[in-house]
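Report on one structure; see the data block that follows.
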Amino acid sequence: RRKSSDQPLLDAISAAAIARISDCLPQELSNLSWALATLQVSDTTLLDAIAAQAIAKIRDFSEQHLANTAWAFAALGYLHRPLMNAIASEALRRIMSLEPQGLTNLVWAMATLGIRNDPLMEAIAAQAIRLMPQYIPQDLGNTAWAFAKLNVEHLPLFEAIAAQAMSKLSSFIAQEITNTAWAFATLAIHHGPLLEAISAESIRRLREYDPQALSNTAWALATLGVLDSPLMAAISAESIAKLRHFLPQNLGNTAWAFAKLAIQDFNLLHAISSQSIPKLREFRAQELSNTAWALAKLGFRHGPLMDALASESIKTISSLNPHDLSGMAWSFATLSYQDHTPLL
2 RRKSSDQPLL DAISAAAIAR ISDCLPQELS NLSWALATLQ VSDTTLLDAI
52 AAQAIAKIRD FSEQHLANTA WAFAALGYLH RPLMNAIASE ALRRIMSLEP
102 QGLTNLVWAM ATLGIRNDPL MEAIAAQAIR LMPQYIPQDL GNTAWAFAKL
152 NVEHLPLFEA IAAQAMSKLS SFIAQEITNT AWAFATLAIH HGPLLEAISA
202 ESIRRLREYD PQALSNTAWA LATLGVLDSP LMAAISAESI AKLRHFLPQN
252 LGNTAWAFAK LAIQDFNLLH AISSQSIPKL REFRAQELSN TAWALAKLGF
302 RHGPLMDALA SESIKTISSL NPHDLSGMAW SFATLSYQDH TPLL
């Protein structure tokens with residue numbers, strides 16, 4: 002973790018690097034951006050200088066330097082579109098030379114920055130399929146996540162990912178398992194054998210799952226309409242034990258998942274309701290709507306939470322889209338809860 006006492010040194014390095022940036026070779030530009038990302042130093046002046054030099058020297062970058070530079074800018078959340086366009090064009094030209102880690106870092110960067118370049122995605126998919134036996138669990142999970150994040154449904158790629166994932170699932174960490182499940186669910190790809198393998202592996206290792214992993218697993222199963230009662234019961238128990246660490250999105254998605262699968266787990270719903278009340282100001286409109294919908298769908302009337310949901314929704318009523326607004330009204334009407342007539 003970076004200390005505040007490191008700042009003078011980092012400032013000095015930044016100033017010196019900017020002064021000499023035109024002398025930097027591609028490897029040095031790549032290493033510099035990687036170091037900034039690793040230290041989480043978002044020095045936009047230096048990043049702009051690196052980008053300008055990288056664009057000018059892009060033909061001299063190795064495949065690894067292209068991918069690492071893209072990864073670094075994405076890890077910092079810094080979208081420099083001309084640089085990313087230059088990297089995409091050069092990577093597309095040399096796609097057959099990219100290895101699994103480079104392909105994964107590149108597609109992860111594009112997805113993280115929200116850049117969908119269809120020719121590049123098609124080329125990455127084709128090369129990934131060719132190299133799929135070499136993919137490690139992290140590459141499999143991140144590649145699936147990236148394609149889903151950009152809403153690119155490439156069925157041959159996902160078939161190849163599924164086959165490799167099933168043979169290596171015991172080597173996946175929790176995040177890689179849930180990223181894979183989330184990706185297939187997001188793209189509505191129902192791969193039965195993979196889902197069965199993910200369910201079996203999840204129930205075996207559920208204690209390793211953090212709140213995000215628990216809620217993502219429940220959300221993925223519900224989205225694909227997979228009712229695995231033993232796994233959902235285990236997710237419920239594990240979620241209740243860790244519920245104080247759940248973020249609003251985790252709370253809303255978990256409640257939504259159980260309601261979507263029509264699982265009336267009132268112990269879980271009561272715990273989610275109690276945890277949601279003090280965090281309700283942090284809920285986005287969709288999370289407010291999802292939570293209210295889940296309670297109504299399962300016929301679970303929690304007065305204090307409904308009071309709080311109504312009050313919070315009144316405050317944010319202008320930010321509710323038509324879907325969330327109608328969903329909220331339906332939820333309160335279904336529960337015959339009319340104490341807050343200003344909302345209804």
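When you line the sequence shown up against my numbering, it's residues 2 to 345, in that order. Glycine included, C-beta positions come from ideal geometry on N, C-alpha and C.
Item                                                                                                      : Value
Sufficient close CB pairs (3 or more, under 8 Å) joining the stretch 224 to 239 to the stretch 274 to 282 : no
Test item: CB-CB of Thr335 and Ala311 under 7 Å                                                           : no
Host alpha helix (DSSP H) of Glu154 (start-end)                                                           : Counting along the chain, Glu154 falls outside any alpha helix (DSSP H), and DSSP gives it neither H nor E.
Delimiting residues of the alpha helix (DSSP H) encompassing Leu252                                       : Pro249 to Lys261
Lys316 versus Arg285: straight-line alpha-carbon distance, rounded                                        : 12 Å
Close beta carbons around Glu123, own chain, < 8 Å, minus the five adjacent residues each side            : His155
Per-residue DSSP class, three states only, for Leu281                                                     : helix
CB contact flag (Ile190, Phe159, <7 Å)                                                                    : yes
Whole-Å CB distance - Met167 paired with Pro194, under 8 Å assumed                                        : 6 Å
Rounded straight-line distance, which links the Cα of Arg94 to that of Ala127                             : 14 Å
Alpha carbon of Pro83 to alpha carbon of Asn322, nearest angstrom                                         : 34 Å
Rounded separation between Leu107 and Thr39 - CA only                                                     : 16 Å
Burial state of Gln213 (16 or more Cβ within 10 Å)                                                        : buried
Beta-carbon separation (whole angstroms), Ser98 vs Thr70, contact threshold 8 Å                           : With a Cβ gap of about 16 Å, Ser98 and Thr70 do not count as contacting.
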